[in-house]
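Peer 1:
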Amino acid sequence: MAKKRDELSTERRKNSSKSRVRTDQPSNSANSSSNSNLPLGPQNLIIIFIVIPAISVIVYRTLYGPTAATIVPSVYDRNLVKAEVKYQEIIAEHSRVSANLSRTFQHSVLAYVTPWNSKGYEMAKEFNSKFTHISPVWYDLKSQGANLVLEGRHNADKGWISELRKKGGAKILPRVVLEAVPAYLLQKKKQRDKAINLIMGECSEMDFDGIVLESWSRWAAYGVLRDPDMRKLALNFIQELGQAMHSGGLEMESKKSLQLVYVIGPPHSEVLNEYDFGLEDLQALSDAVDGYSLMTYDFSSPQNPGPNAPLKWIHSVMQVLLHGTDSSSQTLAQKIFIGLNFYGNDFALSGGLGGGPIIGREYLSLLERHKPSLQWETNSAEHFFVYSDDRNDQHVVFYPSLLSIAERLRVAHTWRAGISIWEIGQGLDYFFDIL
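All residue numbers in the sequence shown are consecutive under the working numbering, ending with 435.
(1) Is the beta carbon of Tyr112 closer than 8 Å to that of Ser420?
(2) Below 8 Å between beta carbons: does that hold for Leu282 and Leu332?
(3) Looking at C-alpha atoms only, which residue of Phe208, Asp193, Asn147, Val396 is the closest neighbour of Pro440?
(4) Per DSSP, what kind of secondary structure is Ser365 in: helix, strand or coil?
(5) Phe131 to Lys167, Cα distance in whole Å?
(6) Do Glu126 and Tyr430 have their beta-carbon atoms positioned less than 8 Å apart in this structure?
(7) Less than 8 Å between the C-beta atoms of Leu198 and Leu235, yes or no?
(8) Let me make sure I understand the geometry here. Which of Ser293, Leu233, Ile211 has the alpha-carbon closest to that of Leu340?
(9) Among Val181, Gly145, Met318, which has the Cα closest to the Cα of Val411?
(10) So what does DSSP say about Asp140, is it helix, strand or coil?
(11) Between Pro182 and the rest of its own chain, which residues show a CB-CB distance below 6 Å, the 5 nearest in sequence each way excluded?
(12) For my contact list, Glu280 and Val320 are in at a C-beta cut-off of 8 Å; report their separation, rounded to the angstrom.
(13) Excluding the 5 residues preceding and the 5 following Ile359 in the sequence, name in chain order all residues of the same chain whose CB lies nearer than 7 Å to its CB.
(14) Assign Ser380 to buried or exposed, taking buried as 16 or more other Cβ atoms, counted over all protein chains shown, within 10 Å of its Cβ.
(15) Using alpha carbons as the reference points, say which of Leu164, Val149, Ser257 lies closest to Ser135.
(16) Let me check understanding here. Comparing Cα to Cα, which of Phe299, Ala406, Leu428 lies closest to Thr104?
(17) Can you name, in chain order, every residue of its own chain whose Cβ lies under 6 Å from the Cβ of Gly242, other than the five neighbours on each side?
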């Protein structure tokens, strides 16, 4: 801008000089010759060197600078949260995010970030104010012979954590997957204490606010949850870990109270199996666990193509898990983070079943290439479209939309539950407008 202003001033001085040359020529005006030899007065100098450049700056800013017209309204004000959406709108609008970063969803929001998708790290910084908890997927607790090791420190980024602390108040709870052999871990007190101290030590050294623990699906895969005694030991370990984290640890000097969020899967039916996590488990762990990350996604698969997480299914999962609407169930519901996928699926419908997850940039590429007609499926409350690939095989694509996300936030609000997003680097930027 300064360069442009200097060029304008130089040009005006040249024009002024040319004007003086022309007034030296013979003229019918008797005073023209004498006036041309007079020096410029102070008022003229002020006009040339101050007023005109100032006007130039104002004109430039009016034409090229930020104005009220360029401030991006919310997706609601732009009428984008709707069933009838065109692919052109998504392509044109997905990167335009409102400057208002205040929260619209007033319950807890847990945001997962994965090291294999760097966009998530940037989204966590940019939209920090939208989240109450951020969980980088960093750690695994594994058996190494008769010993236990906590792997994943190489993933941890202290600089990124420091930036998050400066930008907002979201708690940092890295995910820890419990890969250790359960027969040793759950049955031996020394192993349990070792596991707790490893976790507590890492939280202390890295200044975490707690952890998100994933173990139930692993224990189910090992078959230990089918044994009532082992199942009880599994619950006891979670209780011991939660109590230690709340009190500052078994042997830790720090007395900082840490949070424990536990990952659970959706019940498979109204009649619970022994490997399902249910209401009695929620009640047994209510004092030890601060929240539950409920994986309400991956409803469909390449073998059974369909929506990612039908809305009615999510509601029924909450009903099965909580068994009603009494006050105790409502209190437990407030601890649940209902799972919300920011990824989608591209399933093959012909030419052999196949396909799998897609993320934002892949979804946009499909829209640009196939220019599809998007449809709103009312029962699942999800958008989808169908296309044919280069071999003329049909595919169906289910990917989150502004309306599908808004509908899930509405259901979470009716339960007074929070949400957990897997994961924030996989979505479109304007998704964050409605959080």
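No residue lacks a Cβ here, since even glycine has one placed at the ideal position from N, Cα and C.
Peer 2: Here's the rundown:
(1) yes
(2) yes
(3) Summary: the structure shown does not reach residue 440, with the chain confined to residues 1 through 435, and so no result is reported for it.
(4) helix
(5) 11 Å
(6) no
(7) no
(8) Ser293
(9) It is Met318 whose Cα lies nearest to the Cα of Val411.
(10) strand
(11) Counting only Cβ-Cβ distances below 6 Å, and skipping sequence neighbours, we find Trp219, Tyr222, Val224.
(12) That belief does not hold up - the Cβ atoms of Glu280 and Val320 are roughly 12 Å apart, past 8 Å.
(13) Cβ neighbours of Ile359 beyond the five flanking positions: Tyr343, Gln426.
(14) buried
(15) Leu164
(16) Ala406
(17) Excluding sequence neighbours, Gly242 sits near Leu260, Ala288, Val289.
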